[in-house]
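Visitor:
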Amino acid sequence: MTRRDGHVEEFGLPGDGLWTADRDPYSGTLKVSFLRAGHWEEVRRFYRTEEWSRVEIR
Numbered sequence: 000m001t002r003r004d005g006h007v008e009e010f011g012l013p014g015d016g017l018w019t020a021d022r023d024p025y026s027g028t029l030k031v032s033f034l035r036a037g038h039w040e041e042v043r044r045f046y047r048t049e050e051w052s053r054v055e056i057r
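Set out below in structure tokens:
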């Protein structure tokens with residue numbers, strides 16, 4: 000948020016808003032996570048039976 004004097008107020012922690020996806024080599028599960036307030040939050044899991052070669056998150 001930008002104040003009238005031009006100062007930009009920042010909320011959260013550095014790195015917030017990053018995405019990651021990790022695949023379990025044994026089960027084939029793809030776990031998608033989002034960094035918020037310095038902690039990774041799981042957004043969704045895709046299982047081997049689902050098509051996850053192209054993942055879109057909205």
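Quick note on numbering that gives the first Met the number 0: the sequence shown kicks off at 0 and runs consecutively.
Glycine included, each C-beta is placed from N, C-alpha and C at the ideal position.
Looking at C-alpha atoms only, which residue of TYR46, HIS38, ARG44, ARG43 is the closest neighbour of GLY16?
Guide: Among TYR46, HIS38, ARG44, ARG43, the Cα nearest to that of GLY16 is on HIS38.
Visitor: Between the alpha carbons of TRP68 and TYR25, how many angstroms are there, rounded?
Guide: Since the first residue of the chain shown is 0 and the last is 57, residue 68 is not available in this structure.
Visitor: Using a Cβ-Cβ cut-off of 8 Å (strictly less than) and excluding sequence neighbours within five positions of SER32, which residues of its own chain qualify?
Guide: TRP18, THR19, ALA20, ASP21, TRP39, GLU40, GLU41, VAL42
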